[in-house]
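**Q**
Numbering (the numbering used here), first residue to last: 154 to 1076.
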């Protein structure tokens, strides 16, 4: 059977449905589903994602020949449905062409409207509609869109504006008008000629007039768009595979620019910023699709309530609002009620917040698109919990509905109340994406990237953003635009990224060439500091101090619900009482990694460590360690106090000693004076400690084996602290961890020192505390002999940071020089230091789990590398049978939800591991 590449959708015949989004893309599948639901949709057809894949593999000529007959049959169906003919000069069928991948990718490719119009058809369209201005407006729009998207006419440099918009602005200035809608038919005819002349001058070829040539050009442009730079960036930021491809959606045109009874708009079934169960959106009278999101005119609100809210934020009087910005509910009440009925039907059907597009043509409502709407992290949580409360979804669906990564947004900072007392408001725009941000003004996306690389906080300021700005938007602390509404590109993308955004701040005048922003005659330059409140739409002068946000009730409810289904525990990596407290507040069930070396770098502590390093013999080292003992003991007491009744895993000293000494002569001179020794002695000791590869050198358990007195001091500090806290009636659960073993003999040597010291402490104190001794599996050899290690150790914790480095042979500190190239070219799909390398490092983890539990079935197993906070890695660790993951305190909520989702999905992947011969009988 011949493969099918084109699927039609119309009121009379629909071949697709919502479940076919992998083949038809999200847009095509949802258009077909709306037709099945009886919603009025312009007829059309979808060219499948498989055609795009074939295009990528075999090229243009092969694919166009492959789909030619099916596309022609699809156009014939549209001609029959609409009663018009494609290419007819008197009553032409005009088409729209849009891309549509299976995952929503806003701005991957601009829409092409009015395809099929030319110099003859525009006259026929004018006669048929009796509206010459409409016909030439449609032609102007088509030439502008096609010239940009398909023919590739772009600004010459980043400082230049859209060349087509420049021509429009020049003509408006000549005609002394302010709005596009003020231009008459003759003006629009003039624009078409100027646009064509620009294309001929810049591109050296004429604008195509044959409708079929136009259509094939648009289809090819959509296929090409899948691999353009902005699509690659979006896929990279959102973890979308290149292999998916995009579908092409071709629809009969309906027109929102046929006068005052026509309009176009975008709406959300709930508030995308807050999650409030409130229908909202924007529209423009006498406009076509991209006008609303492009920010060319100030859009109007769909609902009366939304319109009044907008007027308050924009400081517009009620009288001015009614006159210039009335709501759709007020000016087209019947159409408004039809729209409400459609959006209600769609949300109830999809059981999720919908983002819809619509056109009103001479009083008739047409629905153009529906999709699950992009939303902020806070909105995502609220919508899930409210839909659960409204019995639209069940508990498991609510938990799966929230992206764990997005929980991070709920911890976004807010402005400090005290700092706000003196804050000066410079301008007001729309609260497009909540949060608070402060940074330096940057006007271009590539500059924002460069500044961010150097650790600078930036606010990206644009007239309006476009998909080319994606990388700059992703690194900016906040986004400010002079144009655009709540559904503009900046607003939608910022919400999807969880970025603070203020859009449509009309008082701002941006000058790209001079890199300035002017408000009421006052000028700000690139590098000046401003602050944004994306929750109120206010722009402030200078830097404003921020503080951590307070968690919402919905967030707490979500986390409580998550714990109901979660199997794996979530601990935190915490080295201080403050971090331990945060971890508990975020629901951590213990500390999975306390790095003792982090306690050594302050004041008298670093001096004591250096004294130990400079000591000539064991006596000198013990003397220095005696100074550290009370400091360490005090640290552990504070942590045990905060984590009472929860386990605390404490890793013995891990880094090489060279990290505790200065390596430049000036600092060495200071150290010599502090330690009252000669500079020569300092230099000699630093040289002795120097290693070619410190990560694989004298560190971890090797330090404790060489200098057992270090292990003794730390063990004593841990257990004396535990006894002190236990004496206060607080349950203490210390777990002592031996780092970086590669052989059982290393572990046994350190475990013997720990247990001998413990018995001395217990005898001295005439009291005992239960404790565990285990190890960190962070070398491949330790994973390979996990059964031997498991026969001795009471628990394992996988140190996946070093295990990744040692397995892949990558230095995490140096991989940045080549890893981006690897990711870009598909050598690695993901950064292995951010998401666990499941086929390599992951196999070692699974092998160690199996081997360890084969000798000790109740062996406690966890992960304490950074991967413990990555949702994809957490799911892998769940499948691998681990008991807990440990991550930084602020990622604990993310890991908790990820672990819950893994338990709900719970589709174990059986990994076949070949039996490995024993590498050593006794370790």
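In this text, a Cβ means the ideal position worked out from N, Cα and C, and glycines have one as well. Since this is a predicted model, take the numbers as computed values, not measurements.
For the beta strand (DSSP E) that residue 792 lies in, which residues bound it at each end?
**A** Run containing residue 792: none in the beta strand (DSSP E); it sits in the alpha helix (DSSP H), 771-795.
**Q** Roughly how far, in whole angstroms, is the beta-carbon of residue 452 from the beta-carbon of residue 471, given that I think they are within contact range, below 8 Å?
**A** 18 Å between Cβ atoms; not a contact.
**Q** Does residue 982 come out as helix, strand or coil in the three-state DSSP assignment?
**A** Coil.
**Q** Between residue 720 and the rest of its own chain, which residues show a CB-CB distance below 6 Å, the 5 nearest in sequence each way excluded?
**A** Cβ within range, chain order: 1056.
**Q** Leaving aside the five residues before and after residue 273 along the sequence, list all residues of the same chain whose C-beta is less than 7 Å from its C-beta, in chain order.
**A** Correct list, in chain order: 242.
**Q** Considering only the alpha carbon of each residue, which of 670, 834 and 652 lies closest to residue 678?
**A** The option with the nearest alpha carbon to residue 678 is 670.
**Q** Per DSSP, which residues does residue 419 bridge with? Please list them.
**A** According to DSSP, residue 419 bridges with 435 and 510.
**Q** Considering Cα atoms alone, identify which of 793, 974, 700 and 861 is closest to residue 765.
**A** Taking only the C-alpha atoms, the option nearest residue 765 is 861.
**Q** Nearest-angstrom Cα distance between residue 871 and residue 913?
**A** If you take the alpha carbons of residue 871 and residue 913, they lie about 13 Å apart.
**Q** Mind listing, in chain order, the continuous alpha helix (DSSP H) runs of no fewer than 4 residues lying wholly within the region 192-253?
**A** You should have 202-211 and 213-235.
**Q** Please return the same chain residues whose Cβ sits closer than 8 Å to the Cβ of residue 280, not counting the five positions on each side in sequence.
**A** If we look at residue 280 and ignore the five residues flanking it on each side, its Cβ neighbours are 243.
**Q** What would DSSP say about residue 947, mapped onto helix, strand or coil?
**A** Here residue 947 sits in coil by DSSP.
**Q** What's the call for residue 358, buried or exposed, on a 16-neighbour Cβ count within 10 Å?
**A** Result: exposed.
**Q** Which residue wins for smallest C-alpha separation from residue 256, given the options 580, 699, 384 and 760?
**A** Minimum Cα distance to residue 256 is reached at 384.
**Q** What is the rounded straight-line gap between the Cα of residue 121 and the Cα of residue 963?
**A** Residue 121 is absent from the structure shown; the chain starts at 154 and stops at 1076.
**Q** Under the rule that 16 or more other beta-carbon atoms within 10 Å means buried, what is residue 845, buried or exposed?
**A** Exposed, since its Cβ has fewer than 16 Cβ neighbours within 10 Å.
**Q** Starting from the C-beta of residue 199, find all residues in its chain whose C-beta is less than 6 Å away, skip the five residues before and the five after it, and write them out in chain order.
**A** Excluding residues within five positions, the ones whose Cβ falls inside 6 Å are 160, 177, 181, 400 and 402.
**Q** Tell me which residue opens and which closes the beta strand (DSSP E) that residue 664 is part of.
**A** 661-664 is the extent of the beta strand (DSSP E) around residue 664.
**Q** Below 8 Å on the Cβ atoms is my guess for residue 796 versus residue 733; work out the distance and round it to an integer in Å.
**A** Contact flag correct, Cβ pair sits at about 5 Å.
**Q** By DSSP's criteria, residue 611 is part of a beta bridge. Which residues make up the other side?
**A** 593, per the DSSP bridge assignment.
**Q** Following the continuous beta strand (DSSP E) through residue 724, name the residue where it begins and the one where it ends.
**A** First-last of the beta strand (DSSP E) with residue 724: 722-726.
**Q** Measuring only the C-alpha atoms, how far is residue 970 from residue 840?
**A** Each residue's alpha carbon lies about 28 Å from the other.
**Q** Grouping DSSP H, G and I as helix and E and B as strand, with all else coil, what is residue 584?
**A** DSSP places residue 584 in strand when its eight states are reduced to three.
**Q** Which class does residue 173 belong to by DSSP, given the choice of helix, strand or coil?
**A** In this structure, residue 173 counts as helix in the three-state DSSP scheme.
**Q** Does the pairing of the region 586-606 with the region 678-696 give three or more beta-carbon distances under 8 Å?
**A** Yes, the region 586-606 touches the region 678-696.
**Q** With DSSP collapsed to three states, give me the class of residue 963.
**A** If DSSP states are grouped into helix, strand and coil, residue 963 belongs with coil.
**Q** By the 10 Å Cβ neighbour count, where 16 or more other Cβ atoms means buried, how is residue 980 classified, buried or exposed?
**A** Its Cβ having fewer than 16 others within 10 Å, residue 980 is exposed.
**Q** Can you give the beta carbon distance from residue 328 to residue 340, rounded, assuming they're within the 8 Å contact cut?
**A** Correct: roughly 6 Å between the Cβ atoms.
**Q** Between which two residues does the alpha helix (DSSP H) carrying residue 935 extend?
**A** Where residue 935 is concerned, the enclosing alpha helix (DSSP H) stretches over 933-937.
**Q** By Cβ distance below 8 Å, which residues in the same chain neighbour residue 335 in space, the five residues on each side in sequence not counted?
**A** So the list reads 325 and 328, once near-sequence residues are dropped.
**Q** Please report how far the alpha carbon of residue 725 lies from the alpha carbon of residue 1038, in whole angstroms.
**A** So the two alpha carbons sit approximately 8 Å from each other.
**Q** Do residue 947 and residue 926 count as a contact pair if the criterion is CB distance below 8 Å?
**A** In this structure, residue 947 lies closer than 8 Å to residue 926 by Cβ.
**Q** When you compare each of 297, 193, 386 and 410 to residue 285 by their alpha carbons, which one comes out closest?
**A** Of 297, 193, 386 and 410, the residue nearest in Cα terms is 410.
**Q** Rounding to the nearest angstrom, what Cα-Cα distance links residue 271 and residue 957 in this structure?
**A** Approximately 60 Å, taken between the alpha carbons.
**Q** On the three-pair Cβ rule with 8 Å, is the region 211-221 touching the region 345-357?
**A** Taking 8 Å as the limit for Cβ pairs, the verdict is that the region 345-357 does not touch the region 211-221.
**Q** Mark residue 283 as exposed unless 16 or more other C-beta atoms lie within 10 angstroms of its C-beta, in which case mark it buried.
**A** Classification of residue 283: exposed, given that the 10 Å Cβ count is below 16.
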